[in-house]
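Numbering-wise (my numbering), the sequence shown opens with residue 145 and increments by one. From the three backbone atoms N, C-alpha and C, an ideal C-beta is built for every residue, glycine too. Written below as structure tokens is the structure these notes are about.
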Amino acid sequence: MSQRPYDLIIQGGTCLLPHPSDTGLIEQQADIAILDGRIEKIRESIKEPALQTVKVHGLHVLPGIIDSQVHFREPGLTHKEDLETGTRAAILGGVTTIFEMPNTNPPTTTKEAFADKLQRAQGRAHANYAFYVGGAHDNVGNLAELERQPHCSGIKIFMGSSTGTLLVEDDETLEKILRQGFRRVIFHSEDEMRLRERKHIAVEMADVHYHPVWRDVETALNSTQRLLRLARKTGRKIHVLHVSTAEEMDLLKNEKDIATVEVLPQHLTLYAPDCYDRLGTYAQQNPPIREKRHLDRIWKAVLDGTVDVIGSDHAPHTREEKDRPYPQSPSGVPGVQTLVPIMLNHVHDGRLSLQRFVEMVTENPCRVFGIKNKGRLRQGYDADITIVDLKKTKTIDNSWIASRCGWTPFHGMSVTGWMTHTIVGGKLVMENDQVLMPPQGRPVNFLDTL
């Protein structure tokens, strides 16, 4: 009896494969055969029959990119984005898996709200998905149980107010949260008390250039210092999102046993005052984009291993909302579709290696969050694959953005490095900026222990 044909063969690409000793990634020309949503074989050449063959000579074949911080606004705020449009933007940007945040309306703080999100995603998500549960004053006692739900990416805490109503600002409640459960807890780290004290700066100046003055370095640093003290006291591991200051990086560099670190493409690419001169409130986000000395220190942290993960913090708002006078204008920018090309352009410019970028959006999220069966091109792993052309130059344009908001702060930027194919669960879902089939995303599974 002849062997059943493979579903798909990716032929002739330069693959980023795990080093035989598991110490990083190596480039190797190889074919990849896929069957039933899994990587069945990786060989120098695969001659067996396949239902579909994609020839990718001259292109780089990467493990599927994971964006572990997105806000897709469903339910309650779907005039900005929803799970279908957000995941469509993801696969157009080469992202195969997303973790979605809990500050929706209602917030994702109960079993019922979490189950509702899973149901909404079924059959509508183009990328694979998991959801965070939000920690709040009224669900502290349930968090250990909530974090164990299938397809939950973890507990997310807002220490400073941002978009939505979720907020845990006091150390007593934070300590209670850290004493429950076992998974790494995810934090937006800004000091709420200092934000309240300084809000008058934003109101009185009424100029977005003062956004990083209101939400200053001390606001971030105070919060992260408090958070580290509580993590040490309780022995609970934490993940600090979108770190934006040089001072926090100096602190976190020596805390790697208990704290992992995320940074954003925005904080690696844009800086004040230039971004506010050019973009106005379209550069407004929390924590803010700051002066160039912070960008330079964040880059150093990327290169020395302090940074574990790059996420987009995709947080869309409509143009009408963004055009409101500051500080009535909301904070947040879209980013899931531009994460890969912005970072590939930094690779092209020599700021970091392709291997280091790929680790921070594949292997490292799997390590930090305990993701099962993803993050590597390896036999038996899920066939989530991102294929890129490192030599392709394109200009990012608002017309390309699939997000419902229809804009990007990177509009008009020329980049070298572009996504050519996105494969989700063994299905070719995007090729050359075209979505090829209905949503194929599936919920993500996690390890029982970290």
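Residue from the options whose Cα sits closest to the Cα of residue i
{"i": "histidine 458", "options": "Thr197, Gln410, Glu435, Gly168", "result": "Gln410"}
{"i": "isoleucine 330", "options": "Arg359, Lys381, Thr241, Ser367", "result": "Lys381"}
{"i": "arginine 520", "options": "Tyr420, Ile176, Phe243", "result": "Ile176"}
{"i": "threonine 248", "options": "Glu392, Lys199, Glu225", "result": "Glu225"}
{"i": "tyrosine 150", "options": "Leu290, Val588, Gly325, Ala527", "result": "Ala527"}
{"i": "isoleucine 299", "options": "Asn366, Ser475, Val384, His490", "result": "Val384"}
{"i": "serine 547", "options": "His223, Leu206, Val559", "result": "His223"}
{"i": "arginine 370", "options": "Thr317, Leu262, Phe590, Phe513", "result": "Thr317"}
{"i": "valine 532", "options": "Gly168, Lys444, Pro207", "result": "Pro207"}
{"i": "lysine 436", "options": "Gly449, Tyr420, Ala280", "result": "Tyr420"}
{"i": "methionine 487", "options": "His565, Val446, Gln578", "result": "Val446"}
{"i": "serine 128", "options": "Val480, Gln472, Ile454, Trp562", "result": "Here the chain comprises residues numbered 145 to 594, so residue 128 is not present and cannot be evaluated."}
{"i": "aspartate 592", "options": "Arg495, Lys516, Met557", "result": "Lys516"}
{"i": "serine 543", "options": "Pro431, Gly556, Thr404", "result": "Gly556"}
{"i": "threonine 537", "options": "Met563, Asn430, Ile442, Val512", "result": "Met563"}
{"i": "asparagine 589", "options": "Phe513, Leu498, Gln172, Lys535", "result": "Phe513"}
{"i": "proline 587", "options": "Thr240, Val357, Leu412", "result": "Thr240"}
{"i": "alanine 403", "options": "Leu372, Ala416, His386", "result": "Leu372"}
{"i": "glycine 585", "options": "Asp418, Thr229, Lys466", "result": "Thr229"}
{"i": "aspartate 467", "options": "Gln428, Val480, Asn489, His438", "result": "Gln428"}
Spatial distance of residue i from residue j (CA atoms)
{"i": "alanine 288", "j": "threonine 252", "result": "15 Å"}
{"i": "leucine 423", "j": "histidine 163", "result": "42 Å"}
{"i": "leucine 179", "j": "lysine 518", "result": "15 Å"}
{"i": "proline 250", "j": "glutamate 218", "result": "9 Å"}
{"i": "isoleucine 529", "j": "valine 568", "result": "7 Å"}
{"i": "alanine 375", "j": "aspartate 315", "result": "11 Å"}
{"i": "alanine 234", "j": "alanine 271", "result": "7 Å"}
{"i": "phenylalanine 597", "j": "aspartate 541", "result": "Absent from the model: residue 597. The displayed extent of the chain is 145 to 594, so no value can be given."}
{"i": "threonine 197", "j": "proline 294", "result": "34 Å"}
{"i": "serine 297", "j": "glutamate 291", "result": "8 Å"}
{"i": "alanine 390", "j": "aspartate 440", "result": "8 Å"}
{"i": "leucine 414", "j": "isoleucine 433", "result": "7 Å"}
{"i": "valine 491", "j": "threonine 482", "result": "14 Å"}
{"i": "proline 469", "j": "proline 478", "result": "19 Å"}
{"i": "leucine 227", "j": "aspartate 452", "result": "26 Å"}
{"i": "leucine 169", "j": "isoleucine 545", "result": "31 Å"}
{"i": "leucine 396", "j": "leucine 580", "result": "42 Å"}
{"i": "arginine 148", "j": "glutamate 188", "result": "21 Å"}
{"i": "isoleucine 559", "j": "proline 485", "result": "Rather than isoleucine, the amino acid found at residue 559 in this sequence is valine. Cα to Cα, the separation comes out at about 7 Å."}
{"i": "glutamine 523", "j": "leucine 161", "result": "11 Å"}
{"i": "arginine 232", "j": "arginine 264", "result": "15 Å"}
{"i": "asparagine 286", "j": "valine 361", "result": "33 Å"}
{"i": "arginine 340", "j": "arginine 359", "result": "10 Å"}
{"i": "aspartate 166", "j": "alanine 280", "result": "39 Å"}
{"i": "methionine 393", "j": "lysine 444", "result": "9 Å"}
{"i": "lysine 261", "j": "aspartate 448", "result": "37 Å"}
{"i": "serine 473", "j": "phenylalanine 554", "result": "19 Å"}
{"i": "histidine 461", "j": "aspartate 401", "result": "36 Å"}
{"i": "leucine 221", "j": "glycine 476", "result": "14 Å"}
{"i": "threonine 378", "j": "arginine 328", "result": "12 Å"}
{"i": "arginine 495", "j": "glutamate 313", "result": "36 Å"}
{"i": "proline 417", "j": "histidine 355", "result": "10 Å"}
{"i": "glutamine 578", "j": "isoleucine 442", "result": "34 Å"}
{"i": "methionine 145", "j": "tyrosine 525", "result": "Because the pLDDT of methionine 145 is 36, which lies under 50, any placement of that residue in the model is unreliable, and the question is left without a value."}
Integer Cβ distance of residue i from residue j, believed to fall under 8 Å
{"i": "glycine 570", "j": "leucine 152", "result": "6 Å"}
{"i": "leucine 408", "j": "serine 456", "result": "7 Å"}
{"i": "alanine 174", "j": "proline 583", "result": "Contact flag wrong, Cβ pair sits at about 29 Å."}
{"i": "threonine 566", "j": "glycine 267", "result": "That belief does not hold up - the Cβ atoms of threonine 566 and glycine 267 are roughly 18 Å apart, past 8 Å."}
{"i": "proline 509", "j": "isoleucine 210", "result": "4 Å"}
{"i": "threonine 363", "j": "valine 405", "result": "Not confirmed; about 18 Å, so no contact."}
Within-8 Å CB hit, residue i to chain E
{"i": "valine 405", "result": "Here chain E cannot be found, since the structure has a single protein chain."}
Can you list, in chain order, the stretches of the beta strand (DSSP E) that have 3 or more residues and sit fully within the segment 267-326?
Complete beta strand (DSSP E) runs here, min 3: 272-278, 296-302.
For the segment 316-335 against the segment 295-307, are there 3 or more C-beta pairs whose distance is under 8 Å?
Taking a cut-off of 8 Å on C-beta distances, the segment 316-335 touches the segment 295-307, as three or more cross pairs fall below it.
Report yes or no: do three or more beta-carbon pairs, one from the segment 500-508 and one from the segment 184-199, lie closer than 8 Å?
With the cut-off at 8 Å, the segment 500-508 and the segment 184-199 do not touch.
Is it a yes or a no for the segment 347-361 touching the segment 313-321, going by three-plus beta-carbon pairs under 8 Å?
Taking 8 Å as the limit for Cβ pairs, the verdict is that the segment 313-321 does not touch the segment 347-361.
With contact counted as at least three CB pairs below 8 Å, one residue from each stretch, are the segment 269-279 and the segment 237-249 in contact?
Remark: three or more beta-carbon pairs, one from each stretch, lie closer than 8 Å, so the segment 269-279 and the segment 237-249 are flagged as touching.
For the pair the segment 179-189 and the segment 211-231, tell me if three or more CB-CB distances fall below 8 Å.
Segments in contact, no.
Count Cβ pairs between the segment 145-157 and the segment 195-204 that sit closer than 8 Å; are there 3 or more?
A contact exists between the segment 145-157 and the segment 195-204.
Using 8 Å as the Cβ pair cut-off and three pairs as the minimum, do the segment 254-266 and the segment 547-561 touch?
No, the segment 254-266 is not in contact with the segment 547-561.
Below 8 Å, can you find three or more Cβ-Cβ pairs linking the segment 486-502 to the segment 572-590?
The segment 572-590 and the segment 486-502 do not touch, with fewer than three beta-carbon pairs separated by less than 8 Å.
Fully enclosed by the segment 363-397, which alpha helix (DSSP H) runs are 4 residues long or longer?
Listed in chain order, they are 390-396.
Which parts of the segment 553-589 are runs of the beta strand (DSSP E), unbroken and 3 residues or longer, counting only runs that do not cross its ends?
Entirely contained in the segment 553-589, the beta strand (DSSP E) runs reaching 3 residues are, in chain order, 558-568, 571-575.
Which runs of the alpha helix (DSSP H) spanning at least 4 residues fall entirely within the segment 222-253, listed in chain order?
If we require 4 residues or more, the alpha helix (DSSP H) runs fully inside the segment 222-253 come out as 227-236.
Could you name each continuous alpha helix (DSSP H) segment of 4 residues or more that falls completely within the segment 421-459, going from the start of the chain to the end?
If you keep only unbroken alpha helix (DSSP H) runs of at least 4 residues inside the segment 421-459, you get 436-448.
Where are the beta strand (DSSP E) runs, 3 residues long or more, that stay fully inside the segment 177-214, in chain order?
DSSP assignment within the segment 177-214 yields the following whole beta strand (DSSP E) runs of 3 residues or more, N-terminal first: 182-187, 197-199, 204-207, 209-214.
Complete runs of the beta strand (DSSP E) confined to the segment 474-544 [at least 3 residues]
The segment 474-544 contains these whole beta strand (DSSP E) runs: 529-539.
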